[in-house]
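Take the sequence shown: its position 100, counted from the start at 1, is 181 in the numbering used here, and no numbers get skipped. The structure appears below as structure tokens.
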Amino acid sequence: MTKKYTRGIIRIALLIGTIISLYFVPWPIVKAWITPLPKTVQEQVNKVSEYGFDGIIVYVDKKNKPPAFYVSGYKNRDSKTPAEPHSLFKIASVSKLYTAVAITKLVNNGRLSLDKTLADYFPELSDKIENADKIMIRMMVQHRSGIPNYTDTKNYWVHPKQNDKERLELVLDLPANFEPDTDFEYSNTNYLLLSKLIEKVTGKNLSSV
Numbered sequence: 082m083t084k085k086y087t088r089g090i091i092r093i094a095l096l097i098g099t100i101i102s103l104y105f106v107p108w109p110i111v112k113a114w115i116t117p118l119p120k121t122v123q124e125q126v127n128k129v130s131e132y133g134f135d136g137i138i139v140y141v142d143k144k145n146k147p148p149a150f151y152v153s154g155y156k157n158r159d160s161k162t163p164a165e166p167h168s169l170f171k172i173a174s175v176s177k178l179y180t181a182v183a184i185t186k187l188v189n190n191g192r193l194s195l196d197k198t199l200a201d202y203f204p205e206l207s208d209k210i211e212n213a214d215k216i217m218i219r220m221m222v223q224h225r226s227g228i229p230n231y232t233d234t235k236n237y238w239v240h241p242k243q244n245d246k247e248r249l250e251l252v253l254d255l256p257a258n259f260e261p262d263t264d265f266e267y268s269n270t271n272y273l274l275l276s277k278l279i280e281k282v283t284g285k286n287l288s289s290v
């Protein structure tokens, strides 16, 4: 009786766990995976709202053919403003890819060095960011600087800051999370500083590029 009772409890627990886990499945994405693709790009783009996106722009560039744009949804859901080929969308951390590429190109052109330190380019941060004189630019690109992540500071998502100056101030004078190049930790602060470095070297404002 005891063994049967125990097996019954385990089966019920597994069933309950399975049912609960179904709640967390991203069903719109699953549906997108298993549903056959529409015949044309535009037909697929038109299904954007079913996948939970506000709007989408797809750019297709084929050899010996003019570029084509496929657009659907809204660029501003609140005002019901339709998306168009030149609409701007926030891309969040996808921007880190472009920042890293820009740093690489500046290094290749001899305008930056991956082996110089944060303090070399921003001496005003020497006494504000721990180990600034040891943190090389390459470590920031690789998330191996030890600089705290500003989005991990207390209540950041309750009251997000409105500009990079305010975001950076959240981590100034905080202790490092680890010694430079001894560990890895994703930090938005690394790429905030790299963006500022690009602006300093090029003289261009990235928000307007």
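All C-beta atoms in this analysis are idealised placements derived from N, C-alpha and C, irrespective of residue type, glycine included.
Quick check on this structure: which residue in the options has the alpha carbon closest to the alpha carbon of residue i?
{"i": "L255", "options": "A213, V141 and H224", "result": "A213"}
{"i": "L273", "options": "D196, E247, F134 and F150", "result": "E247"}
{"i": "S150", "options": "K156, L199, N157 and H167", "result": "Strictly speaking, residue 150 in this sequence is Phe, with Ser absent from that position. Considering only alpha carbons, the answer is H167."}
{"i": "N271", "options": "K235, S102, K242 and I184", "result": "I184"}
{"i": "G133", "options": "E260, K112 and D142", "result": "K112"}
{"i": "D196", "options": "F265, I210 and M220", "result": "M220"}
{"i": "D142", "options": "E131, V122, V129 and A257", "result": "V122"}
{"i": "L209", "options": "A173, K242, L249 and L253", "result": "The identity of residue 209 in the sequence shown is Lys, whereas the question assumes Leu. Looking at the Cα atoms, L253 is the closest of the given residues."}
{"i": "L251", "options": "Y231, N258 and A257", "result": "Y231"}
{"i": "T234", "options": "H224, I101, L249 and Q223", "result": "L249"}
Suppose you measure from the CA of residue i to the CA of residue j; what does that come to, to the nearest Å?
{"i": "D262", "j": "E165", "result": "44 Å"}
{"i": "L178", "j": "V188", "result": "15 Å"}
{"i": "S289", "j": "H240", "result": "Unreliable placement is indicated for S289, whose pLDDT of 49 sits below 50; the coordinate value is still reported in the next sentence. Their backbone Cα atoms lie some 25 Å apart in a straight line."}
{"i": "G98", "j": "P229", "result": "36 Å"}
{"i": "N190", "j": "I138", "result": "32 Å"}
{"i": "V175", "j": "N236", "result": "24 Å"}
{"i": "N244", "j": "P148", "result": "35 Å"}
{"i": "G284", "j": "L278", "result": "10 Å"}
{"i": "L169", "j": "L287", "result": "14 Å"}
{"i": "I115", "j": "K281", "result": "47 Å"}
{"i": "E266", "j": "L275", "result": "16 Å"}
{"i": "K144", "j": "A257", "result": "49 Å"}
{"i": "F259", "j": "H224", "result": "11 Å"}
{"i": "R300", "j": "K186", "result": "Since the first residue shown for the chain is 82 and the last is 290, residue 300 is missing from the structure and cannot be characterised."}
{"i": "I172", "j": "D201", "result": "30 Å"}
{"i": "F203", "j": "Y155", "result": "40 Å"}
{"i": "I101", "j": "K84", "result": "26 Å"}
Would residue i be called buried (16 or more neighbouring beta carbons within 10 Å of its own) or exposed?
{"i": "G136", "result": "buried"}
{"i": "V182", "result": "exposed"}
{"i": "N157", "result": "exposed"}
{"i": "T198", "result": "buried"}
{"i": "I110", "result": "exposed"}
{"i": "I218", "result": "buried"}
{"i": "Y86", "result": "exposed"}
{"i": "E205", "result": "exposed"}
{"i": "T162", "result": "exposed"}
{"i": "V222", "result": "buried"}
{"i": "E211", "result": "buried"}
{"i": "V129", "result": "buried"}
Terminal residues of the continuous beta strand (DSSP E) containing residue i?
{"i": "V141", "result": "G136 to V141"}
Over what stretch of residues does the alpha helix (DSSP H) that includes residue i continue unbroken?
{"i": "A149", "result": "No alpha helix (DSSP H) holds A149; the beta strand (DSSP E) holding it covers A149 to N157."}
{"i": "S176", "result": "S176 to N189"}
{"i": "N269", "result": "N269 to T283"}
{"i": "R248", "result": "D245 to E250"}
{"i": "Q125", "result": "V122 to V126"}
{"i": "Y202", "result": "L199 to Y202"}
{"i": "M217", "result": "No alpha helix (DSSP H) holds M217; DSSP gives it neither H nor E."}
Please look up how many angstroms separate the CB atoms of residue i and residue j, rounded, as I've assumed it's under 8 Å.
{"i": "S226", "j": "S268", "result": "7 Å"}
{"i": "E117", "j": "Q125", "result": "According to the sequence provided, residue 117 is Pro. The question's Glu does not apply to it. Their Cβ separation, rounded to whole angstroms, is 10 Å, which puts P117 and Q125 out of contact at 8 Å."}
{"i": "N127", "j": "S153", "result": "5 Å"}
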